[in-house]
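Per our numbering, the very first residue in the sequence shown carries number 6; after that it's consecutive.
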Amino acid sequence: MTLGATAMPPQAYVAFCERQPLDCGSDAGQVIAAAARADADRAALSALMSPHQLAAAAVSAPAAISEPDPHLTKASWAWPTELLAPAAEPLEAVVRRADIVTSVAFVDPATEAHAAQEAGPPAMTPELWSKLNRINDRVNRAILERTDLDTYGTTDYWTTPLEDGQRYGDCEDFVLEKQRALIAAGVPRRALNIALVTTSRGEGHAVLLVSTRAGDFVLDNMSAWVTPWRQAPYRWRQRQVNGDAFAWAMIEDPTRAPAPAAAEPAMAKPKDLLIASLR
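Take a look at the structure:
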């Protein structure tokens with residue numbers, strides 16, 4: 006998955022992190038401070054946007070879908086044996102062009118290599134595969150889908166309904182509960198990334214991406230099956246990076262063909278010039 010420019014985290018997600026900071030990071034103080042910075046950045050950006058741009062941004066939030074997308078199917082629950090072999094390509098989840106500022110410190114090369122290995126994505130093992138499918142199915146069954154407007158009286162409210170003792174939620178609530186359950190089950194937070202997509206119906210939707218050494222896999226309330234991200238029938242818009250609540254990046258559409266290069270004028274051969282001059 007190729008990432009592009011930095012993106013703003015969804016406003017309703019920032020509000021969720023302000024209410025429940027430990028669901029967005031291990032240090033509540035750091036999360037609250039980062040949420041305040043995200044709010045300030047959004048306010049500064051909004052001041053530069055036209056009314057048309059503000060209206061477009063307001064309707065880009067995920068929307069609850071009342072019935073499953075017919076394109077979401079899977080042949081079987083079988084463990085994909087091809088994932089047992091090492092990935093043939095470099096890790097797709099690496100950020101290639103995301104404009105994200107990181108701190109730099111000089112460390113011993115051996116320590117740096119060990120830290121990089123420890124911080125890398127988990128291997129896709131039969132144990133992890135089983136865990137992803139089990140939690141995806143469990144959360145999908147535990148929550149009854151209902152819009153935020155019907156449940157909370159507002160169009161976009163992110164929360165963890167099971168943690169709050171609620172039975173209802175929409176797509177982003179499924180995502181937050183799966184993220185919380187997987188962290189509790191031992192999956193590192195850095196491997197769990199919320200992603201915003203557009204469905205085949207043109208509706209906004211949210212899914213959970215699990216980044217592994219075999220690639221990114223999708224946990225979705227619209228499907229009982231955990232699938233590689235390329236097989237999900239969505240147009241990918243933006244996602245978290247390395248599990249950081251406030252580090253988001255745009256996703257480059259893999260189906261979009263690159264712009265054709267401008268054709269250079271062909272150089273005429275001397276023989277052609279001679280024939281043309283005789284006509």
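Glycine is no exception: its CB is placed at the ideal position from the N, C-alpha and C atoms.
At a cut-off of 7 Å, would you count Val-246 as near the ligand NAD, judging by its Cβ distance to the nearest heavy atom? Absence of the ligand NAD is noted for the structure shown, with no ligands found whatsoever.
> Would you report the Cα separation of Pro-166 and Ile-148, rounded to the nearest angstrom?
Replying inline: Distance from the CA atom of Pro-166 to the CA atom of Ile-148, rounded to whole angstroms, is 8 Å.
Can you give me the C-alpha to C-alpha distance between Thr-78 and Pro-14, rounded to a whole angstrom? Its pLDDT being 42, under 50, Thr-78 is placed unreliably in this model, and the value from its coordinates should be taken loosely. Spanning the two alpha carbons is a distance of roughly 30 Å.
Same chain, Cβ closer than 6 Å to Ala-12, five either side skipped, listed in chain order:
Gln-243, Trp-253, Ala-254, Met-255
Worksheet item: Taking the alpha helix (DSSP H) that Arg-185 falls in, what are its first and last residues?
Response: 176 to 189
Point to revise | Under the three-state DSSP convention, the category Thr-160 falls into | key: coil
Can the beta-carbon of Val-212 be found closer than 8 Å to that of Leu-224? yes
Query raised in the report: Is it true that the region 141 to 157 meets the region 232 to 241, where meeting means three or more beta-carbon pairs spaced less than 8 Å apart?
Result: no
Exercise for the section: Provide the residue(s) that pair with Tyr-173 in DSSP beta bridges, ordered along the chain. Expected result: Leu-149
**Message:** Assuming Val-202 is part of the beta strand (DSSP E), what are its boundary residues?
**Reply:** 197 to 203
Item to complete: Answer yes or no: do Asp-169 and Thr-152 have a C-beta to C-beta separation smaller than 8 Å?
Response: no
>> Can you look up Ser-216 in the DSSP assignment and give me helix, strand or coil?
In response: Ser-216 falls in the strand class under three-state DSSP.
Checklist line | Test item: CB-CB of Pro-131 and Pro-193 under 8 Å | finding: no
According to DSSP, which residues form a beta bridge with Asp-249?
-> Val-246
Whole angstroms are fine: how far does the CA of Thr-156 sit from the CA of Tyr-173?
7 Å
request  = Please name the residue, chosen from Arg-240, Tyr-18, Ala-229, that lies closest to Ser-135 on a Cα-to-Cα basis.
outcome  = It is Ala-229 whose Cα lies nearest to the Cα of Ser-135.
| task | Would you list the one or two residues that DSSP bridges to Phe-222? | result | Val-215, Pro-233
Figure out for me which residue from Cys-29, Arg-218, Pro-26, Ala-10 has the closest Cα to the Cα of Met-129.
In terms of Cα proximity to Met-129, the closest of Cys-29, Arg-218, Pro-26, Ala-10 is Arg-218.
Separation of Tyr-162 from Glu-23, as counted between CA atoms:
13 Å
Quiz item: What's the C-alpha gap between Ala-90 and Leu-154?
Solution: Residue placement at Ala-90 is poorly supported in this model, since its pLDDT is 35, which falls under 50; the coordinates still yield a value, given next. So the two alpha carbons sit approximately 46 Å from each other.
Subject >> Selection from Gly-158, Leu-214, Glu-208 that minimises the alpha carbon distance to Phe-179 >> reply: Leu-214
Those residues which DSSP pairs with Arg-143 across a bridge: Looking at the DSSP output, Arg-143 bridges to nothing.
State the DSSP-derived secondary structure class of Arg-240, mapped to helix, strand or coil. In this structure, Arg-240 counts as strand in the three-state DSSP scheme.
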